[in-house]
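> Residue numbers (the numbering used here): 35 to 217.
We put the CB at the ideal spot given by N, CA and C, even for glycine.
Computed from a prediction, not measured in an experiment: that's the story for all the values here.
(1) Could you pull out every residue in the same chain whose Cβ sits closer than 7 Å to the Cβ of residue 139, ignoring the five residues on either side in sequence?
(2) Looking at residue 91 and residue 204, is the spacing between their C-beta atoms short of 8 Å?
(3) For residue 190, count neighbouring C-beta atoms within 10 Å of its own C-beta (all shown protein chains included) and say buried if the count is 16 or more, exposed if not.
(4) Nearest by alpha-carbon distance to residue 162: which of 43, 151, 210 and 179 is it?
(5) With C-beta atoms as the reference, is residue 126 less than 8 Å away from residue 144?
(6) Can you look up residue 46 in the DSSP assignment and give me helix, strand or coil?
(7) Is residue 124 helix, strand or coil when you go by DSSP?
(8) Going by beta-carbon coordinates alone, are residue 142 and residue 83 separated by less than 8 Å?
(9) Residue 194 to residue 62, Cα distance in whole Å?
(10) Return helix, strand or coil for residue 216, following the three-state DSSP convention.
(11) Does the Cβ-Cβ distance between residue 110 and residue 89 come in under 8 Å?
(12) Can you tell me where the alpha helix (DSSP H) holding residue 195 begins and where it ends?
(13) Could you give the distance in angstroms between the alpha-carbon of residue 46 and the alpha-carbon of residue 197?
(14) Taking a contact to mean a Cβ-Cβ separation below 8 Å, would you say residue 183 touches residue 169 in this structure?
(15) Starting from the C-beta of residue 181, find all residues in its chain whose C-beta is less than 7 Å away, skip the five residues before and the five after it, and write them out in chain order.
(16) Secondary structure at residue 180, three-state DSSP: helix, strand or coil?
Next comes the structure, spelled out in structure tokens:
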């Protein structure tokens with residue numbers, strides 16, 4: 035479901051396509067997801083959340099700074115977007131845009147996903163000297179900027195918006211934390 039949401043949107047992904055794509059019998063889907071497409075959509079968002087949380091953890095462990103971590107995450111996202119021929123993006127934003135006003139369950143699931151990316155980023159920023167309020171504000175802007183850059187990259191069929199966002203965010207983080215830009 036996750037890949038199909040990225041390719042076709044939530045609304046454009048039917049249960050028959052999901053079972054066909056998964057090679058699973060239709061009955062097993064209803065056994066595991068008795069609430070149907072909404073439950074499957076929530077599970078797909080939760081999977082995307084976990085995958086991105088892991089990417090954030092790996093970047094934080096391998097890079098020496100928040101700016102470096104943000105650059106690494108954006109580079110990984112740019113690779114996913116470009117290697118998919120600009121067909122894949124963030125499934126959480128897709129579900130939010132399509133279903134946020136229609137399904138409180140899916141909206142809340144998307145909210146939790148975004149929060150799970152903002153909060154650890156804010157924690158990293160706090161570890162580099164920002165107050166809790168400033169760290170949360172900047173972390174929210176970082177996630178919002180990356181989400182927007184993904185949309186622009188897909189529309190423009192280039193990773194340039196992601197690359198520009200990485201540069202700008204690294205500079206902003208360095209400026210806010212008093213570090214040298216590009217660290």
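Based on what the coordinates show:
(1) Working through the chain shown from its first residue, we reach residue 139 at position 105. Excluding residues within five positions, the ones whose Cβ falls inside 7 Å are 72 and 76.
(2) Taking the chain shown and counting its residues from 1, the one referred to as residue 204 is at position 170. Taking the chain shown and counting its residues from 1, the one referred to as residue 91 is at position 57. The answer is no: Cβ separation not under 8 Å.
(3) The count along the chain shown starts at 1 and reaches residue 190 at position 156. Flag for residue 190 reads exposed.
(4) Your numbering for residue 162 matches position 128 in the chain shown. The candidate whose alpha carbon is nearest that of residue 162 is 210.
(5) Within the chain shown, residue 126 is the residue found at index 92, counting from 1. Within the chain shown, residue 144 is the residue found at index 110, counting from 1. In contact: residue 126 and residue 144 (Cβ atoms closer than 8 Å).
(6) By 1-based counting over the chain shown, the position of residue 46 is 12. Of the three classes helix, strand and coil, the one that applies to residue 46 here is coil, per DSSP.
(7) Taking the first residue of the chain shown as position 1, residue 124 is located at position 90. Coil, per DSSP.
(8) Along the chain shown, one-based indexing puts residue 142 at 108. Along the chain shown, one-based indexing puts residue 83 at 49. Result no, Cβ atoms of residue 142 and residue 83 do not sit closer than 8 Å.
(9) In the chain shown, the residue the question calls residue 194 occupies position 160. In the chain shown, the residue the question calls residue 62 occupies position 28. About 42 Å.
(10) Here residue 216 refers to the residue found at position 182 of the chain shown. The predicted model places residue 216 with a pLDDT of 47, which falls under 50 and marks its position as unreliable; any figure quoted below should be read in that light. Of the three classes helix, strand and coil, the one that applies to residue 216 here is coil, per DSSP.
(11) Locating residue 110 in the chain shown gives position 76, counting from the first residue. Locating residue 89 in the chain shown gives position 55, counting from the first residue. Going by C-beta atoms, residue 110 is nearer than 8 Å to residue 89.
(12) Here residue 195 corresponds to residue number 161 of the chain shown, with the count starting at 1. Here the alpha helix (DSSP H) through residue 195 covers 194-211.
(13) Within the chain shown, numbered from 1, the residue matching residue 46 stands at position 12. Within the chain shown, numbered from 1, the residue matching residue 197 stands at position 163. Using only the alpha carbons, I get a separation of about 30 Å.
(14) If you number the chain shown from 1, residue 183 lands on position 149. If you number the chain shown from 1, residue 169 lands on position 135. No, they are not a contact pair.
(15) Residue numbering aside, residue 181 sits at position 147 when the chain shown is read from its first letter. The answer, listed in chain order, is 124 and 127.
(16) Residue numbering aside, residue 180 sits at position 146 when the chain shown is read from its first letter. Reduced to three states, the DSSP call for residue 180 is helix.
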